[in-house]
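When the letters of the sequence shown are read in order and numbered with my numbering, they come out as residues 274 to 398.
Each residue gets a CB set at the ideal place from its N, CA and C atoms; glycine is no exception.
First up is the structure itself, then whatever we jot down about it.
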Amino acid sequence: MKKEQGPLMYIGQPALKPLHPIMQHVVKADEEVSINEIPLEEGEQKQSAESGRLKPFREMNVEEKVIYLAERRIPVPCQFEWKNGSVRGIIERFDQGSVWVLDETGEKTVRVPIEEIVYIRIAGT
Numbered sequence: 274m275k276k277e278q279g280p281l282m283y284i285g286q287p288a289l290k291p292l293h294p295i296m297q298h299v300v301k302a303d304e305e306v307s308i309n310e311i312p313l314e315e316g317e318q319k320q321s322a323e324s325g326r327l328k329p330f331r332e333m334n335v336e337e338k339v340i341y342l343a344e345r346r347i348p349v350p351c352q353f354e355w356k357n358g359s360v361r362g363i364i365e366r367f368d369q370g371s372v373w374v375l376d377e378t379g380e381k382t383v384r385v386p387i388e389e390i391v392y393i394r395i396a397g398t
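Right under this line is the structure:
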């Protein structure tokens with residue numbers, strides 16, 4: 274049996290110097306930065322905390338639901354029910370008093386006053 278031989282030809286590797294990363298060090302500031310906090314009243318703190326939190330859709334009132342659905346990038350199909358009828362579709366546009374709902378076939382637009390809307394339900398749920 275023959276012994277295994279090493280490679281017959283060695284490829285010469287260039288002698289490279291080791292690289293040292295340039296921006297891999299810690300920088301410390303000479304002075305400590307002080308943060309001055311201005312105390313807020315309790316009412317202001319509570320209001321800012323509530324405005325940052327998005328309510329669940331079921332807890333919103335009708336006007337909040339209309340604003341939420343109209344400002345979405347992707348239209349969400351919903352079931353809109355009001356005093357005289359109902360329609361399934363998406364919000365095309367709205368102003369202070371009315372909502373224009375495009376029905377799911379896309380053929381007609383229904384104008385509904387916000388005050389008359391009884392219930393808005395997302396169609397997928």
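Scanning the stretch 296-384 for uninterrupted beta strand (DSSP E) segments of 3 residues or longer gives 351-355, 358-367 and 371-376, listed from N- to C-terminal end.
With fewer than 16 other Cβ atoms inside 10 Å of its own Cβ, residue 391 counts as exposed.
When secondary structure is reduced to three states using DSSP, residue 284 falls in the coil class, being assigned neither helix nor strand. Between residue 337 and the set 278, 393 and 376, the nearest pair of CA atoms involves 393. Excluding its 5 nearest sequence neighbours in each direction, residue 370 has C-beta neighbours in its own chain below 7 Å: 386 and 387, listed in chain order.
With contacts defined by Cβ atoms closer than 9 Å, residue 330 and residue 341 form a contacting pair. In terms of CA proximity to residue 381, 364 leads the group 368, 364, 397 and 395.
Rounded to the nearest whole angstrom, the C-alpha separation of residue 361 and residue 349 is 11 Å.
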